[in-house]
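Note sheet for the following structure.
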Amino acid sequence: MTTGDDERKIGPRPWVRIVRFSLTLLAIIVLVAFATGAWTGHFSDGNRSWSLAFGAMMTAFAVAVCGLCFAAFGDSRALWAAMQYLPKREQVTVKFIAVAILLGLFGGLIGGLSSASGGPFVGESRNLPPAFAIGMVVLLATVSPWLTRRWWRAIDEHEQAAYTEGANIAGHFIMFAGVAWWVLSRAKLAPDPDAMALIIAMCFVWTGVWFYRKFA
Amino acid sequence: MAPLAGQPMKNKLKVLRAMNDWSQADLAERLDVSRQAVNAIETGKHDPSLPLAFRIGRLFSMPIEEIFNDGVEP
Chain L
1 MTTGDDERKI GPRPWVRIVR FSLTLLAIIV LVAFATGAWT GHFSDGNRSW
51 SLAFGAMMTA FAVAVCGLCF AAFGDSRALW AAMQYLPKRE QVTVKFIAVA
101 ILLGLFGGLI GGLSSASGGP FVGESRNLPP AFAIGMVVLL ATVSPWLTRR
151 WWRAIDEHEQ AAYTEGANIA GHFIMFAGVA WWVLSRAKLA PDPDAMALII
201 AMCFVWTGVW FYRKFA
Chain S
1001 MAPLAGQPMK NKLKVLRAMN DWSQADLAER LDVSRQAVNA IETGKHDPSL
1051 PLAFRIGRLF SMPIEEIFND GVEP
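So the sequence lines, in the order shown, correspond to chains L and S.
For the first sequence, the residue numbers in the working numbering are 1 to 216.
For the second sequence, the residue numbers in the working numbering are 1001 to 1074.
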């Protein structure tokens, strides 16, 4: 039975409802932030028509979306305080979503600054400096698996199942879409397959299924 | 008759939760899962693992087969 102590421990339900709603909003923000990071990095290549200015604009857009979402709740400090009333597993989700947002924004910033059409991270040759590229690869090879492992151990079985189903569907999607694109390109009906575009598409499908299974 | 493969398991979780006057968040806290997980189990969208099913059984002091029903007559 629920006791008074339990109520105090779990907290007032309106707060829980607010935080639940904000979780859904945060999920949308993650998609925006991720898309900003990936798309900025991809289309800032000089061979494409997306300029540094547009990349920076998209990053600013993601920041604005985050700000508006917090503003919508009037008092983000109260929202943050309400976190303690969520089940512990959901607190973990909020923390990792915050990390994902920051990484997405960081990716967008790096993508914009390392644009092949110009930026402080590229030299005269329009190529990335080797030291910078190696540094990014080392980060991807060390921090990403470490963070992923920590996150995987922190989430519950329901989210693990949602994430795994997303991986399954995204894997099949990319396998079929990639081959279809390659076949069309061999018949000169489409441009050559673009690995990064396929990876971005895979991530969208993966994240979409994962969030749908978790929150819908 | 055996249930179709992939058919969701039926359960009394929502009823048991209501009898205890617990919200989904209350139950999630007690089971150490997210509220979304409780909702998914209640609506048959997610079948819990055996360890979680045992935790649910212990929480309500009931055997698992009294809470979950696969639709097969014994």
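Just so it is clear, CB atoms sit at the ideal spot from N, CA and C, and this is done for glycine as well.
Task: Through-space distance from PRO191(L) to GLU1029(S), alpha-carbon basis - done: 52 angstroms
Open item on the list: At a CB distance below 9 angstroms, what residues from the stretch 135-168 of chain L approach chain S? Give them in sequence order.
Closed with: ILE155, ASP156, GLU157, HIS158, GLU159, ALA161, ALA162
Open item on the list: For a test of the three-state rule: what should DSSP assign to VAL205(L), helix, strand or coil?
Closed with: helix
- [ ] Examine chain L for any beta-carbon lying closer than 8 angstroms to the beta-carbon of GLU1087(S), and answer yes or no.
- [x] Any question about residue 1087(S) goes unanswered here, given that chain S covers just 1001 to 1074.
- [ ] Check whether the Cβ atoms of ILE1041(S) and LEU1016(S) lie closer than 8 angstroms to each other.
- [x] no
Task: Residue closest to GLU157(L), alpha-carbon to alpha-carbon, out of VAL1033(S), ARG1058(S), LEU1059(S), ASN1039(S) - done: VAL1033(S)
Task: Terminal residues of the alpha helix (DSSP H) in which GLU1073(S) lies - done: First-last for GLU1073(S): undefined, no H or E at that position.
TODO: Throw me the rounded Cβ distance for the LEU253(L) and ILE174(L) pair, which I believe falls under 8 angstroms.
DONE: For residue 253(L) there is no data in the structure shown, the boundaries of chain L being 1 and 216.
TODO: Name, please, each residue of chain L whose Cβ falls closer than 8 angstroms to the Cβ of VAL1033(S).
DONE: PRO87, ARG89, ASP156, GLU157, HIS158
TODO: Please check if any C-beta of chain L sits within less than 8 angstroms of the C-beta of MET1001(S).
DONE: Note that MET1001(S) has pLDDT 46, beneath the 50 cutoff, so the model's placement of it is unreliable and the number below is only indicative. Chain L contact via Cβ: absent.
Task: Any non-hydrogen atom of the ligand PLP within 7 angstroms of ASP1047(S) CB - done: The model depicted lacks the ligand PLP and carries no ligand whatsoever.
Open item on the list: Please list, in chain order, the chain L residues whose beta carbon lies closer than 7 angstroms to that of SER1049(S).
Closed with: GLU157
Task: Below-8 angstroms beta-carbon distance, ALA1025(S) vs any chain L residue - done: yes
TODO: Kindly say whether PHE132(L), judged by its beta-carbon, lies nearer than 8 angstroms to any beta-carbon of chain S.
DONE: no
Open item on the list: Please tell me whether PHE1068(S) and ASN1011(S) are closer than 8 angstroms, where the distance is taken between their beta carbons.
Closed with: yes
- [ ] Just the C-alpha distance for ILE110(L) and LEU1050(S), rounded to the nearest angstrom, thanks.
- [x] 45 angstroms
Task: Where the alpha helix (DSSP H) containing LEU128(L) begins and where it ends - done: Here LEU128(L) belongs to no alpha helix (DSSP H), and DSSP marks it neither H nor E.
- [ ] Determine the extent of the alpha helix (DSSP H) in which LEU189(L) is found, giving its start and end residues.
- [x] Premise fails: LEU189(L) is in no alpha helix (DSSP H) and is neither H nor E.
Task: Meets three-Cβ-pair contact criterion under 8 angstroms: the stretch 175-186 of chain L and the stretch 145-164 of chain L - done: no
TODO: Spatial neighbours of GLY4(L) within its chain, please: CB distance less than 7 angstroms, with the 5 preceding and 5 following residues excluded, ordered by chain position.
DONE: Any reading at GLY4(L) must be qualified, since the residue scores a pLDDT of 44, below 50, and its modelled position is unreliable; the value itself is stated next. So the list is empty, once near-sequence residues are dropped.
TODO: Within its chain, find whatever has a CB closer than 6 angstroms to the CB of GLY166(L); leave out the 5 residues flanking it on each side and keep chain order.
DONE: TRP206, VAL209, TRP210
Open item on the list: If you reduce the DSSP assignment to three classes, tell me which class ASN1020(S) lands in.
Closed with: coil
Task: Range covered by the alpha helix (DSSP H) that runs through ALA1053(S) - done: 1050-1059
Open item on the list: Taking the alpha helix (DSSP H) that VAL1033(S) belongs to, which residues open and close that run?
Closed with: VAL1033(S) -> no alpha helix (DSSP H), and no H or E assigned at all.
Task: Three-way DSSP call (helix, strand, coil) for LYS95(L) in this model - done: helix
Task: Close Cβ partners of ASP6(L) (< 7 angstroms) along its chain, the five nearest in sequence each way excluded - done: Note that ASP6(L) scores a pLDDT of 47, beneath 50, so its modelled location is shaky and nothing firm can be said.
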